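K.L.:
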Amino acid sequence: MSDDFGVRWWRTDVSTRVLLSRDGLSEMFAMLHGGGGSRKARHPFFIVDKALKGQAEFNQLWEQGDVFAFDATASEPRTGDVDSLVRGLHERESEPDIIVGVGGGGTMDLAKAVGICLKNPKPSAEYQGWGFNMARGVDVWVMPTLAGTGAELTPIAVLRGPEKKLGINTPLVAPAFAVIDPALSKGAKHFNRFYTMMDCYFHHREITISKTSAPDAMADARDGLELARSVLSRDLSNYDGAVAVASARASVLGGSSSVSGRVGAAHAISYGLSNSAPTLPHSVAVTISMLGLPDLYEDCGAYSETLRFLETNRFPAPRARDYGVNASHVGRMVKTALGMDKLWLSHFGDGWEKIVTPEFIEKIYIKIIEA
Ligand SMILES: [Zn+2]
């Protein structure tokens, strides 16, 4: 491997300290115990993806007294998960001074939400959205075991609440520290490895053609796009060390480019689908959306590349109806998608309202359902 392994490869300043490591767990434990440049030992509470149980390299995590196993397969973390963890931690004699999240995007988001909600009085559902006046939370450290979500850097914790799936959005939610060891993605399933990187590709693709994203974000997104494309052009059914490093770099660029960059039409359409299908993973929702938008994405090549990546990895084109989405959902999906004004502005620029009418969106959803 090259000597520039850990040298900063993104342009946009992020508040999270990033460490790219070939021995992430040992380095993280050394720092938690007061070594590696940090002086005092910390009192961590671990939130770990349940799927990592039984993978030998993660044994040390389960041996910690304070660990919660999060089942990320069923749904994004729910506001109820956050609230019950926060309640449990408040009842202790001494609260943790650091929350460590190890897993995919959902697990990291749960850790981020618990970290901030520990120091804020209301139930987490009351912080879903933007612009709340929140106190700084407990430090959150994250270790991604799946590359592509960018959640290791982003100031968002996406939660499924009683009423809506929406993030807690505040700069205070960004992790203090991300320890990224690309080899930790070794045990990920082919499906997850592929689709998470697809979402990463869509983020980069949408930002590179955005009308409202900042130049640094677009430059990061262009680099990320090249990396994601090189990864997805391979069969990802088996783990490959070099591919894992490229994936980890693309993921970090997805986090950095989202600071001042904005996604566009494919993501706007995906949110309508997600609201109607609780079991539909976000990454699959965006893939379905991309395949429903050939007119908007053929010029940049994203539509045909999406088909090629699926074919290379021997996955059929995903269909909305396989996740229970049908004609009865169209009205509500149109309303959700229409509300994504910032994303439509990003895609079309000024005057988007003349193009993105309810009829325009309805046609897209009908086509997606019939695919
Ligand atoms: Zn996405």
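The working numbering puts the first residue of the sequence shown at 57, with every later residue one more than the last. We put the beta carbon where it would ideally sit given N, CA and C, even for glycine. Predicted model, so just to flag it, every value in this text is computed and none were measured.
Given this structure, state the Cα-to-Cα distance separating M57 from P179, to the nearest angstrom.
P.N.:
The count along the sequence shown starts at 1 and reaches residue 57 at position 1. The count along the sequence shown starts at 1 and reaches residue 179 at position 123. Unreliable placement is indicated for M57, whose pLDDT of 42 sits below 50; the coordinate value is still reported in the next sentence. Distance between the alpha carbons of M57 and P179 is about 46 Å.
K.L.:
Measuring straight from C-alpha to C-alpha, what distance separates T392 and L288?
P.N.:
Counting from 1 along the sequence shown, the entry for residue 392 is found at position 336. Counting from 1 along the sequence shown, the entry for residue 288 is found at position 232. For T392 and L288, the distance between alpha carbons rounds to 30 Å.
K.L.:
Which residues does DSSP list as the beta-bridge partners of A213?
P.N.:
Taking the first residue of the sequence shown as position 1, residue 213 is located at position 157. Bridge partners of A213: I224.
K.L.:
Where does V170 land, buried or exposed, given buried means 16+ other C-beta within 10 angstroms?
P.N.:
On the sequence shown, residue 170 is found 114 positions in, with the first residue counted as 1. Buried.
K.L.:
V390 by DSSP, collapsed to three states: which one?
P.N.:
Here residue 390 corresponds to residue number 334 of the sequence shown, with the count starting at 1. Three-state DSSP puts V390 in a helix.
K.L.:
Could you check the C-alpha separation between W66 and M190 for me, to the nearest Å?
P.N.:
Walking along the sequence shown from the start, residue 66 turns up at place 10. Walking along the sequence shown from the start, residue 190 turns up at place 134. Using only the alpha carbons, I get a separation of about 29 Å.
K.L.:
Who are M199's beta bridge partners in DSSP?
P.N.:
Mapped onto the sequence shown, residue 199 falls at position 143. According to DSSP, which records beta bridges pairwise, M199 is partnered with V158.
K.L.:
How is I103 classed by DSSP in three states: helix, strand or coil?
P.N.:
Residue numbering aside, residue 103 sits at position 47 when the sequence shown is read from its first letter. Strand.
K.L.:
Which ranges does the beta strand (DSSP E) cover as unbroken runs of at least 3 residues, wholly within the segment 99 to 148, from first to last along the chain?
P.N.:
List check, beta strand (DSSP E) in window: 100 to 105, 123 to 126.
K.L.:
Mind checking which residues open and close the beta strand (DSSP E) that includes I17?
P.N.:
Outside the shown range of the chain (57 to 427) lies residue 17, about which nothing can therefore be said.
K.L.:
Measure the alpha-carbon distance for R305 versus L283 and round it to whole angstroms.
P.N.:
As a working mapping, residue 305 is identified with position 249 in the sequence shown. As a working mapping, residue 283 is identified with position 227 in the sequence shown. Cα-Cα distance, rounded: 8 Å.
K.L.:
Tell me whether V342, by its Cβ, gets closer than 7 Å to a heavy atom of ligand 1.
P.N.:
Looking up residue 342 in the sequence shown gives position 286. Result yes, Cβ under 7 Å from ligand 1.
K.L.:
Taking buried to mean at least 16 other C-beta atoms within 10 Å of its own C-beta, is V63 buried or exposed?
P.N.:
Here residue 63 refers to the residue found at position 7 when the sequence shown is read from its first residue. So V63 counts as exposed.
K.L.:
If you draw a straight line from the alpha carbon of A181 to that of T210, how long is it in whole angstroms?
P.N.:
Residue 181 sits at position 125 when you count from the first residue of the sequence shown. Residue 210 sits at position 154 when you count from the first residue of the sequence shown. Cα to Cα, A181 sits roughly 19 Å from T210.
K.L.:
For ligand 1, any of its heavy atoms closer than 7 Å to the Cβ of F258?
P.N.:
Counting from 1 along the sequence shown, the entry for residue 258 is found at position 202. The answer is yes for F258.
K.L.:
Return yes when at least one heavy atom of ligand 1 lies under 7 Å from the C-beta of D255, else no.
P.N.:
Locating residue 255 in the sequence shown gives position 199, counting from the first residue. The answer is yes for D255.
K.L.:
Please classify N176 as buried or exposed, where buried requires at least 16 other C-beta atoms within 10 Å of its C-beta.
P.N.:
Along the sequence shown, read from residue 1 onward, the residue named residue 176 stands at position 120. Burial call: buried.
K.L.:
Quick check: A358 and G317, are their CB atoms within less than 8 Å of each other?
P.N.:
Here residue 358 refers to the residue found at position 302 of the sequence shown. Here residue 317 refers to the residue found at position 261 of the sequence shown. Cβ distance not < 8 Å, so A358 and G317 don't count as in contact.
K.L.:
What did DSSP end up calling W408 once you bin it into helix, strand or coil?
P.N.:
In the sequence shown, residue 408 corresponds to position 352, counting from 1. Of the three classes helix, strand and coil, the one that applies to W408 here is helix, per DSSP.
K.L.:
On a Cα-Cα basis, can you pick out the residue from G187, G405, G387, F114 that is closest to G243?
P.N.:
Taking the first residue of the sequence shown as position 1, residue 243 is located at position 187. Checking every option, the nearest Cα to that of G243 belongs to F114.
K.L.:
Between the C-alpha atoms of N369 and E409, what's the straight-line distance to the nearest angstrom?
P.N.:
In the sequence shown, the residue the question calls residue 369 occupies position 313. In the sequence shown, the residue the question calls residue 409 occupies position 353. Between N369 and E409, the C-alpha separation is close to 38 Å.
K.L.:
At which residues does the beta strand (DSSP E) containing L75 begin and terminate?
P.N.:
Here residue 75 corresponds to residue number 19 of the sequence shown, with the count starting at 1. Its beta strand (DSSP E) spans residues 73 to 76.
K.L.:
Run the proximity test for H403: is its beta-carbon closer than 7 Å to any non-hydrogen atom belonging to ligand 1?
P.N.:
The residue labelled residue 403 in the question sits at position 347 within the sequence shown. Result no, Cβ not under 7 Å from ligand 1.
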